[in-house]
Amino acid sequence: MASVLEIQDLQVSYRSREGVWSAALAGVSFGLMPGEIIGVLGESGSGKSTLAVSLVRLLPWNGEIIRGAVHFEGKDLLRAKPDELQQIRGRRISLIFQEPSLALHPTLRAGEQVRQVLAAHSSPGKSALNERTRQVFVELFREDADRISRSYPHQLSGGQRQRVLIAQAIACGPSVVIADEPTASLDSATQMELLAVFRTLRERLGLAMIFITHNPALLSGFADRVLVLYAGQVVECGPAATVLASPRHPYTKALFQSIPAIFEERGSGRGTKLPVILGDSARSSLPRSGCPFEPRCMERMSVCREREPQLVNLSASHVVSCFKYES
330 MASVLEIQDL QVSYRSREGV WSAALAGVSF GLMPGEIIGV LGESGSGKST
380 LAVSLVRLLP WNGEIIRGAV HFEGKDLLRA KPDELQQIRG RRISLIFQEP
430 SLALHPTLRA GEQVRQVLAA HSSPGKSALN ERTRQVFVEL FREDADRISR
480 SYPHQLSGGQ RQRVLIAQAI ACGPSVVIAD EPTASLDSAT QMELLAVFRT
530 LRERLGLAMI FITHNPALLS GFADRVLVLY AGQVVECGPA ATVLASPRHP
580 YTKALFQSIP AIFEERGSGR GTKLPVILGD SARSSLPRSG CPFEPRCMER
630 MSVCREREPQ LVNLSASHVV SCFKYES
């Protein structure tokens, strides 16, 4: 089966006000299969959000795609003309932003904001627009659909606002949805509710999804594959069940070890320090040699300072970038 979205050697840099260029993505490659959910995992500054906006060419003014390709339905989106991209972005590929209070217009009702998305990509007439809008709201809000549709963003809870963003994203029937930390500002119960919504949409609509998060716990039982980014590079990628149960890259291990253990015997964690990843993320504006994670790695070897590791196949579906696994 062919990939619905194929990313090849994507490199993106940002220019500071002082004119210094910093690499945010350094040769990222992976494919997204139809109906697949890929969880993209990493710390702040790892390149996750840059990946999201790069795929649909929504980089800020100081960002530039240096090289690479993003193939979708036989077209390289990085070289598509503006009118071609307009027909794809929001219609065939949708992006869900992290903060709905910033992404939604404060003076427009929720239903109107979804109608505008539909109107931008089709001309079915007012009656058809209203009917499709109502269908989307019923899909996401059930019996509360009409009330939510008539509400302004400030009248809705954080979870409801996030669902309005999801409504915008699925309104035109896309085949790919990119969700940039859509649950980051929500409580645990609401996070689980939204994950259930995404699972239902995948089953009903056949959506493929790139789900970006810094929380590994959200990916268990949700994602099909996990891709781990560090300093703009893929350091591990494999089936979610495998990576989450038995991470191989030292960075992936450190991420998982830094998750607080909630269910411990009473008093067993008293006086125990929470494990953390020492040091700071690699500063990609500075020249470096060797593995970008080497300064923070608890398993480093002398070779790690000398050259960068390449992705090694641990199996047909699991790769890791670490000298420990080179033969």
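Numbering (my numbering), first residue to last: 330 to 656. Beta carbons: idealized from backbone N, C-alpha and C, even for Gly.
Item	Value
Cβ-based burial, residue 608 [other Cβ within 10 Å; buried from 16]	exposed
Bounding residues of the beta strand (DSSP E) (the contiguous stretch that carries residue 555)	554-559
Secondary structure of residue 544, DSSP reduced to three states	coil
Exposed unless 16 or more other CB atoms sit within 10 angstroms - verdict on residue 529	exposed
First through last residue of the alpha helix (DSSP H) which encompasses residue 441	439-450
Beta-carbon contacts of residue 344 that lie in its chain and below 6 Å, excluding the five residues immediately before and after	350 and 391
Per-residue burial, residue 449 [other beta carbons within 10 Å of its own, 16 or more giving buried]	exposed
Limits of the unbroken alpha helix (DSSP H) element including residue 492	487-499
Contact between the stretch 395-412 and the stretch 471-486 (3+ Cβ pairs under 8 Å)	no
Beta-carbon proximity check, residue 383 vs residue 360, cutoff 7 Å	no
Three-state class that DSSP yields for residue 592 in the structure shown	Summary for residue 592: the model assigns pLDDT 49, below 50, so the residue's position carries little reliability, and this model does not support an answer.
Contact check, residue 493 vs residue 560, beta carbons under 7 Å	no
With 16 other Cβ atoms within 10 Å as the buried cut-off, status of residue 389	exposed
Nearest-angstrom beta carbon gap, residue 354 and residue 385 [assumed within contact, 8 Å]	Between residue 354 and residue 385 the Cβ distance is about 14 Å, and since that is not below 8 Å, they are no contact.
Residue 568 beta carbon less than 7 Å from that of residue 370	no
Local conformation of residue 637 per DSSP, three classes	coil
Pick from 632, 625, 566 and 579 that is closest to residue 644, judged by C-alpha positions	566
For residue 400: DSSP bridge partner residues	335 and 405
Short Cβ contact (7 Å threshold) for residue 510 with residue 427	yes
Pair within 7 Å by beta-carbon distance, residue 356 and residue 337	no
Run of the beta strand (DSSP E) containing residue 505, from where it starts to where it stops	505-509
One or two residues paired with residue 418 in a DSSP bridge	422
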